[in-house]
Amino acid sequence: MKLVRLLLLLAAVQLALWLGWRTLNADDPPLGAVDRPLPALTVFDAADRAAPLPDGPLVLHIWATWCPPCRDELPDLLRFAAASPVPVLAVATDPDWRAIRGFVGDPLSPALRRASARAVADGLDVQTLPVTFVVRDGRLVARIDGARDWSDPALRRAVLAAAR
60 MKLVRLLLLL
70 AAVQLALWLG
80 WRTLNADDPP
90 LGAVDRPLPA
100 LTVFDAADRA
110 APLPDGPLVL
120 HIWATWCPPC
130 RDELPDLLRF
140 AAASPVPVLA
150 VATDPDWRAI
160 RGFVGDPLSP
170 ALRRASARAV
180 ADGLDVQTLP
190 VTFVVRDGRL
200 VARIDGARDW
210 SDPALRRAVL
220 AAAR
């Protein structure tokens, strides 16, 4: 019985490692096609004031400070946001700014926003984090589930092409 448990545990660990590798594998198609209207979503700036989403193309990334893959990819995503010709918003689903500031520090990136986890889950159909959407003409046109390497030029090109 111990041997069976050990084999099951090893199989579970291998599966978890394989799934993690697949999430970060640059050979995976980076974008999933979506075609639906961008739902109304209230996001809050660092002063906790409601801030409208920008008009036009947008990369909308949903993350949380309690999510290890989110924490791992955020620095590269924020570097991408700083250099991107398309607005990038990294929207945390944390209940307030304390945890976000504790992780990111000050000054906060202008790309950071916060939103209600319930509003994100209901409006964008988000069940796992991180997830990224490309918005064009008021519609969600692409979706990326899971963490990615935002320093990857192929991913950046694909995201920017989807936004145009």
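Residue numbers (our numbering): 60 to 223.
Glycine is no exception: its CB is placed at the ideal position from the N, C-alpha and C atoms.
Three-way DSSP call (helix, strand, coil) for residue i in this model
i: Ala151; result: strand
i: Gly205; result: coil
i: Leu112; result: coil
i: Leu188; result: coil
i: Val194; result: strand
i: Val102; result: strand
i: Val145; result: coil
i: Leu199; result: strand
Assigned exposure category for residue i - 16 Cβ within 10 Å defines buried
i: Thr187; result: exposed
i: Pro88; result: Annotation note: pLDDT 49 at Pro88 (below 50); position unreliable, coordinate value reported separately. When all chains shown are included, Pro88 counts as exposed.
i: Arg198; result: exposed
i: Trp125; result: exposed
i: Asp196; result: exposed
i: Pro189; result: buried
i: Asp153; result: buried
i: Ala99; result: exposed
Residue i versus residue j: straight-line alpha-carbon distance, rounded
i: Val93; j: Arg160; result: 32 Å
i: Ala206; j: Cys129; result: 7 Å
i: Ala149; j: Arg223; result: 19 Å
i: Arg173; j: Ala158; result: 11 Å
i: Arg177; j: Ala220; result: 30 Å
i: Thr101; j: Pro212; result: 31 Å
i: Leu136; j: Pro146; result: 12 Å
Endpoints, beta strand (DSSP E) assigned at residue i
i: Gly91; result: Gly91 to Pro96
i: Leu119; result: Leu117 to Trp122
Range covered by the alpha helix (DSSP H) that runs through residue i
i: Arg172; result: First-last for Arg172: Leu171 to Arg173, but that is the beta strand (DSSP E), not the alpha helix (DSSP H).
i: Cys129; result: Pro127 to Ala142
i: Asp181; result: Ala176 to Leu183
The ligand MN heavy atom lying under 6 Å from the CB of residue i
i: Gly197; result: No copy of the ligand MN appears in this structure; indeed no ligand is present at all.
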